[in-house]
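Letter by letter, the sequence shown follows residues 123 to 655 in this note's numbering. Single-structure report; data block below.
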Amino acid sequence: MILKEALSVLSKSSPYAVSTERLDQKKDQLDDIKAYLYIDMPIANDVDKLISSFSSNKPEVLFLCGSSGDGKSELLTACKKEYNTRAKFHLDATHSFDPCENAIQTLDKVFNEYLSQSKPLVVGINTGMLGNYAEEGSNEVFKSVIKNYLESGNDKSGFYFIDFERYPKFVIDDSGYSSDFAEKLLKKLTAKENNLIRQIFDKDKSECLDCESRRLQANYELLSLPAVQRTVIDLLFKARLMQDQFVTARALLDFIFMLLVGPGYLFDNLFSGGDNELANKVVDFDPAHLRTKKIDRFILANDLGLSDTEFEEFKSHLQELGIEKLKSSNSYLRLFYILKSEDYANNYHERFSQDFNQSLIDEYINIYQKHRDYDNSDECRSIIRDFCNNTLRTAIRKYNNRNAPNLRTGQYLISEKNGYQLVAKLEIKPDLKSVPKQLMTQISYFTACISVGNESLTLPVNINLLQLMKRIVDGYRPNKHDKNTVVLLDELVEEISKIANKEKTLHIINGEQHITVTDDEDDKYAVSGLNND
Numbered sequence: 123m124i125l126k127e128a129l130s131v132l133s134k135s136s137p138y139a140v141s142t143e144r145l146d147q148k149k150d151q152l153d154d155i156k157a158y159l160y161i162d163m164p165i166a167n168d169v170d171k172l173i174s175s176f177s178s179n180k181p182e183v184l185f186l187c188g189s190s191g192d193g194k195s196e197l198l199t200a201c202k203k204e205y206n207t208r209a210k211f212h213l214d215a216t217h218s219f220d221p222c223e224n225a226i227q228t229l230d231k232v233f234n235e236y237l238s239q240s241k242p243l244v245v246g247i248n249t250g251m252l253g254n255y256a257e258e259g260s261n262e263v264f265k266s267v268i269k270n271y272l273e274s275g276n277d278k279s280g281f282y283f284i285d286f287e288r289y290p291k292f293v294i295d296d297s298g299y300s301s302d303f304a305e306k307l308l309k310k311l312t313a314k315e316n317n318l319i320r321q322i323f324d325k326d327k328s329e330c331l332d333c334e335s336r337r338l339q340a341n342y343e344l345l346s347l348p349a350v351q352r353t354v355i356d357l358l359f360k361a362r363l364m365q366d367q368f369v370t371a372r373a374l375l376d377f378i379f380m381l382l383v384g385p386g387y388l389f390d391n392l393f394s395g396g397d398n399e400l401a402n403k404v405v406d407f408d409p410a411h412l413r414t415k416k417i418d419r420f421i422l423a424n425d426l427g428l429s430d431t432e433f434e435e436f437k438s439h440l441q442e443l444g445i446e447k448l449k450s451s452n453s454y455l456r457l458f459y460i461l462k463s464e465d466y467a468n469n470y471h472e473r474f475s476q477d478f479n480q481s482l483i484d485e486y487i488n489i490y491q492k493h494r495d496y497d498n499s500d501e502c503r504s505i506i507r508d509f510c511n512n513t514l515r516t517a518i519r520k521y522n523n524r525n526a527p528n529l530r531t532g533q534y535l536i537s538e539k540n541g542y543q544l545v546a547k548l549e550i551k552p553d554l555k556s557v558p559k560q561l562m563t564q565i566s567y568f569t570a571c572i573s574v575g576n577e578s579l580t581l582p583v584n585i586n587l588l589q590l591m592k593r594i595v596d597g598y599r600p601n602k603h604d605k606n607t608v609v610l611l612d613e614l615v616e617e618i619s620k621i622a623n624k625e626k627t628l629h630i631i632n633g634e635q636h637i638t639v640t641d642d643e644d645d646k647y648a649v650s651g652l653n654n655d
């Protein structure tokens, strides 16, 4: 077996991509490789623990819920081998195994059969199919249980739901963020000891001399570097945060296959897009699209063939990784990017580390952590106040007053007609008391809490909104390309405008003219003309 064939178990087009019961087939080396790459995760332990607690003569039901490709069939196939006599398994509720029935009708039959006997039932089901059955199914007992779960997220007596969504592939922790699944998978794939794939790689390296094999070997060598593994995980995390891209097991395996077996070197494959949902998101983070003075100088010098002894020395070491001379400056930049945390050769690539920095992610994580773990400490209060006062409040004021640059700090435009601006003075500040009340179940956003006058408002802040607000503070004016993010600001500004309209004192401004109107709470208004102050 050659390396490319061994890696084929990772591909979504492989028959090994979805586990099925292959009772009549003998196991081969690809089965052994797939078994070796299996990652035991917390959800598998919880499913195993629950099924092992079932009694073979007590009616109980487990729904294992999730999305396509997250590993339901893989997990339940393993469970069925161990607990087949204890429970009945329906591994994939999206399919019907009778050409005369659809998936809903098949579930009706499975559920009716369950109710007619006393054996536990285990069902693998997509979350979307749960909703479909709640609307279209015929078994009223199961429809009621499923509707209750979809509305409340709670189990009912004898009915249990375990959802992959509650076991996210990425978590934000004290050290920053991590992806236990991706980290374990990459380490297993490239392990030096007791690794079937590594053994095939070593054999290939000594025997296969054609260009395609050498490039594949170089890609495997690159992916074996801890710094490269970290960079791959960094990019997937950015896709999760900035593009709301969920990472399923199948998509991740296929993504890694594409990185290794794609047409180019790993660093080019990483940003080439293609027939993979993760790859098509990661392409947007291509470092070759960055424009800094240092990067532009490198591209110009390399394209013109200008000599650089340090770069030439660096390139001379690349053959140690199996990398031949690259034709494109962009390819070198991508190589520098994936090696950015690696101590390699003369470390020429490190001169671009600041150009590749991801301070936005670090800032987002820091603010997220302080909201999630708020303990009224000086550190939490300081970071949240700094964010609310210098980023959130400033961005709100600049965005709200984008057509009224004449207004001063604390003044907020309500409306404008015929050159007259209706303005309110508002005090917007952090609402620290409301921070602990916010339930944070996703890493994709935190909830900012502010007080406007005497009222409390909240704003879900994802990393794209944080980036947009920072740009607004620096003078940027949002345009149509920001519409998906700026809508969150629009909603908050509308809420602030409603509060501003309730103010007892409003200001009418037209150039140098400034009229103040005050409601004295006795159906009378005090009006005075003032100079700008």
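Built from N, CA and C at the ideal position, the CB exists for glycine as well. Source: prediction; values computed, not measured.
Classification of residue i by the beta-carbon crowding that lies within 10 angstroms, buried from 16 upward
| i | result |
| --- | --- |
| T207 | exposed |
| K194 | buried |
| V609 | exposed |
| H629 | buried |
| C201 | buried |
| E96 | Because the chain is modelled from 123 through 655, residue 96 falls outside the range shown and cannot be assessed. |
| P164 | exposed |
| K492 | buried |
| S135 | exposed |
| A157 | exposed |
| L145 | Because the pLDDT of L145 is 47, which lies under 50, any placement of that residue in the model is unreliable, and the question is left without a value. |
| V293 | exposed |
| Y271 | buried |
| D376 | buried |
| L422 | exposed |
| R413 | exposed |
| S174 | exposed |
| L381 | buried |
Residue i (DSSP reduced to helix, strand or coil)
| i | result |
| --- | --- |
| T569 | strand |
| E577 | strand |
| A313 | coil |
| E538 | strand |
| N528 | coil |
| Q737 | The requested residue 737 is not part of the displayed model; the chain covers only 123 to 655. |
| Q339 | helix |
| P552 | strand |
| N254 | helix |
| F281 | strand |
| D326 | helix |
| N276 | coil |
| N224 | coil |
| Y299 | strand |
| Q533 | strand |
| L243 | strand |
| N586 | helix |
| N261 | coil |
Distance between beta carbons of residue j and residue i, contact taken as under 8 angstroms
| i | j | result |
| --- | --- | --- |
| R372 | G191 | 3 angstroms |
| K403 | A361 | 4 angstroms |
| A304 | L358 | 7 angstroms |
| E617 | L579 | 5 angstroms |
| Q339 | G427 | With 8 angstroms as the limit, Q339 and G427 do not qualify as a contact, their Cβ atoms being about 29 angstroms apart. |
| V169 | I284 | 6 angstroms |
| F420 | D408 | So it is not a contact: roughly 15 angstroms between Cβ atoms. |
| L514 | I572 | 7 angstroms |
| I631 | A517 | 22 angstroms between Cβ atoms; not a contact. |
| L229 | G275 | Between G275 and L229 the Cβ distance is about 21 angstroms, and since that is not below 8 angstroms, they are no contact. |
| M251 | A209 | Incorrect: roughly 20 angstroms between the Cβ atoms, too far for contact. |
Chain D contact for residue i (CB, 8 angstroms cutoff)
| i | result |
| --- | --- |
| E434 | The structure shown has no chain D; it contains just one protein chain. |
* **Entirely enclosed alpha helix (DSSP H) segments - the stretch 440-523, minimum 4 residues** => Along the stretch 440-523, the alpha helix (DSSP H) occurs as fully enclosed runs of 4 or more residues at 451-460, 481-494, 500-509 and 515-522, listed in sequence order.
* Would you call the stretch 499-510 and the stretch 465-476 in contact, with 3 or more CB pairs under 8 angstroms? -> Verdict: no, contact absent.
* Completely contained alpha helix (DSSP H) runs for the stretch 124-210, where each covers 4 or more residues -> Segments of the alpha helix (DSSP H) lying fully in the stretch 124-210: 125-129, 151-159, 164-175 and 194-205.
* **Contiguous alpha helix (DSSP H) assignments of at least 4 residues, all confined to the stretch 362-431** => Secondary structure within the stretch 362-431: the alpha helix (DSSP H) runs of 4 or more consecutive residues, fully enclosed, are 371-383, 388-391, 399-404 and 415-425 (chain order).
* Give a yes or no on contact between the stretch 230-248 and the stretch 176-186, applying the rule of three or more CB pairs nearer than 8 angstroms. => Contact holds between the stretch 230-248 and the stretch 176-186, because three or more Cβ pairs, one in each stretch, are under 8 angstroms apart.
* Whole alpha helix (DSSP H) runs in the stretch 592-642 with 4 or more residues, listed along the chain? -> As far as the stretch 592-642 is concerned, its whole alpha helix (DSSP H) runs of at least 4 residues are 605-623.
* Asked: Can at least three beta-carbon pairs, one atom from the stretch 127-139 and one from the stretch 315-328, be found at a separation below 8 angstroms?
  -> Yes, they touch.
* Asked: Three or more beta-carbon pairs under 8 angstroms between the stretch 540-557 and the stretch 616-626, yes or no?
  -> Contact holds: three or more Cβ-Cβ distances are below 8 angstroms.
* Taking 8 angstroms as the threshold, find out whether the stretch 379-394 comes into contact with the stretch 454-464 through three or more Cβ pairs. => Under the 8 angstroms Cβ criterion, the stretch 379-394 counts as touching the stretch 454-464, having at least three qualifying pairs.
* Report yes or no: do three or more beta-carbon pairs, one from the stretch 550-558 and one from the stretch 520-530, lie closer than 8 angstroms? => Touching, no.
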